[in-house]
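Comments concern the structure below.
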Ligand SMILES: CC(C)(COP(=O)(O)OP(=O)(O)OC[C@H]1O[C@@H](n2cnc3c(N)ncnc32)[C@H](O)[C@@H]1OP(=O)(O)O)[C@@H](O)C(=O)NCCC(=O)NCCS
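Numbering (my numbering), first residue to last: 25 to 425.
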């Protein structure tokens with residue numbers, strides 16, 4: 025495949041590997057360690073790397089690999105995870121990303137993946153390709169010294185302090201349980217667990233090695249942050265499958281007497297502030313998107329997830345990138361939906377990126393309607409879509425890629 029500017033687009037081969045890694049390192053400003061290179065190699069494989077070449081120089085790259093992602097209703101769907109997208113600084117804004125993406129999405133479609141997902145480096149790029157931000161998280165600082173548990177907060181106990189590597193089997197088992205019930209969470213390959221437990225210096229951000237707190241239904245992996253005066257426990261990953269595990273682990277974390285603060289990320293409905301007498305002790309520093317979703321197969325995706333209430337309406341989905349939208353009758357009964365192409369008049373109209381944002385339940389239809397990015401024929405239709413697409417569990421990414 026050749027673009028108008030004589031840039032050739034093709035699958036990478038062994039000889040290209042070093043050059044495409046250099047492009048990543050330059051693009052993201054981060055050199056790779058050999059362990060990170062090996063992990064990426066095993067995760068993605070050379071045959072799922074597509075490159076743009078200008079006179080033998082690799083000037084653009086994009087990669088993807090198969091993933092399994094949970095959607096509302098504790099249903100697993102097949103997805104492609106796009107990663108390592110970079111265009112040489114010397115070749116920006118000539119349409120190389122668009123050309124690479126056109127080829128990549130043609131291939132992803134051929135695999136039958138229901139979704140394509142990515143983490144966006146910048147918020148303004150991927151909407152045009154049908155991706156919408158689909159999970160939200162907040163970065164918070166907790167002043168542990170000011171925090172007191174509410175008299176009604178449970179104190180279930182059952183937390184043990186362990187070395188992370190000694191707790192690996194228990195941690196991975198909890199993660200698997202959490203992943204199966206959490207929209208947006210992905211099955212985690214062994215190679216990424218190896219990376220996490222190897223806890224390389226370069227991944228510590230100047231902090232200590234990891235510590236682990238384990239409960240039968242949850243775990244917290246944290247380290248003390250870097251810096252001379254930093255008595256801050258920075259949580260790397262905390263997963264809980266019961267409210268008791270959540271409360272027990274937070275009680276144990278608040279027991280780190282010499283730590284002044286705790287830093288972590290929280291899903292929108294995390295109950296931590298409500299466990300405390302003063303919810304302001306949990307101070308939000310930023311609120312941002314994480315996983316972005318492009319629905320590759322509208323019919324399969326809408327039939328895969330469950331719905332909180334019944335629906336019977338005609339939905340028009342517009343996809344300016346691959347023209348993979350259309351008009352569908354969406355009928356949900358007792359949580360389960362059928363979605364069939366129709367010529368009937370649409371009652372709801374939205375671009376594909378908006379549907380991606382609604383899909384895991386993290387965003388509300390009424391918010392997009394207020395921004396004129398979703399149209400519904402009546403307020404009742406809008407309310408029905410808004411309610412039905414909600415999820416009873418906050419969507420969360422499982423691991424970054
Ligand atoms: C982001 C990046 C891949 C874009 O590559 P590129 O070849 O310059 O992009 P293209 O010229 O193909 O642009 C495609 C479209 O995206 C738009 N676009 C590209 N970069 C953009 C940006 N930073 N912000 C907003 N829009 C952007 C272009 O205007 C173009 O729009 P159009 O086709 O609708 O007219 C490149 O700038 C890069 O490598 N950045 C550093 C690494 C990075 O951020 N990678 C992405 C990881 S998720």
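The C-beta atom is built at its ideal place from N, Cα and C for all residues, glycine as well. It should be emphasised that the depicted structure is a prediction, and the values quoted were computed from it without experimental measurement.
For residue 268 and residue 255, the gap between their C-alpha atoms comes out near 27 angstroms. Residue 299 is a Cβ neighbour of residue 271, given a cutoff of 8 angstroms.
Under DSSP, the beta-bridge partners assigned to residue 90 are 104. Your pair residue 109 and residue 121 checks out as a contact, with CB atoms roughly 7 angstroms apart and the cut at 8 angstroms. Judged by DSSP secondary structure, residue 138 falls outside any alpha helix (DSSP H); it is assigned neither H nor E.
Only buried fits residue 45, as 16 or more other CB atoms lie within 10 angstroms of its CB. In the structure shown, residue 355 adopts extended strand secondary structure according to DSSP, grouped into three states.
One residue list follows from the rule of a beta carbon closer than 7 angstroms to any heavy atom of ligand 1, given in chain order as 51, 52, 84, 109, 110, 111, 115, 116, 117, 118, 119, 120, 121, 122, 123, 142, 143, 144, 145, 146, 148, 149, 152. The C-alpha of residue 196 is placed about 19 angstroms away from the C-alpha of residue 224. By the C-beta criterion, the stretch 140–160 is judged not to be in contact with the stretch 172–192, since fewer than 3 inter-stretch pairs fall below 8 angstroms. Checking the DSSP bridge columns, you'll see residue 262 partnered with 244.
At the C-beta level, residue 107 and residue 425 come within 8 angstroms of one another.
Burial state of residue 129 is buried, judged by a 10 Å Cβ sphere holding 16 or more other Cβ atoms. Contact check between the stretch 359–371 and the stretch 328–338: three or more CB pairs, one atom from each, fall below 8 angstroms, which counts as touching. By the 16-neighbour rule on beta-carbons within 10 angstroms, residue 214 is exposed.
When only Cα atoms are considered, residue 387 and residue 414 end up about 8 angstroms apart. Here residue 296 is near residue 306, since their CB atoms are less than 8 angstroms apart. Within the same chain, Cβ atoms closer than 7 angstroms to the Cβ of residue 422 are found at 203, 209, 210, 212, the five residues on either side in sequence being excluded. Collapsing the DSSP output to three states places residue 251 in coil.
One Cα belongs to residue 406, the other to residue 131, and the distance between them is close to 35 angstroms. The beta carbon of residue 154 lies closer than 6 angstroms to those of 318, 343, 345, 376, 377 in the same chain, with the five residues before and after it left out.
A direct Cα-to-Cα measurement between residue 355 and residue 362 gives close to 5 angstroms. Note that the C-beta distance between residue 72 and residue 52 is not below 8 angstroms.
Within the same chain, and ignoring the five residues on either side of residue 133 in sequence, the residues whose Cβ sits closer than 7 angstroms to its Cβ are 320. In chain order, 338, 351, 352, 353 place their CB closer than 8 angstroms to the CB of residue 366, counting only its own chain and leaving out the 5 sequence neighbours on each side. In the DSSP assignment, residue 217 falls within the alpha helix (DSSP H) that extends over 214–222. The alpha carbon of residue 136 has as its nearest neighbour, out of 201, 92, 399, the alpha carbon of 92. Under the DSSP assignment, residue 165 falls in the beta strand (DSSP E) whose first and last residues are 160–167. Along the stretch 270–329, the alpha helix (DSSP H) occurs as fully enclosed runs of 4 or more residues at 296–299, 322–328, listed in sequence order. Shortest Cα-Cα distance from residue 145 to any of 326, 111, 115, 80 involves 111.
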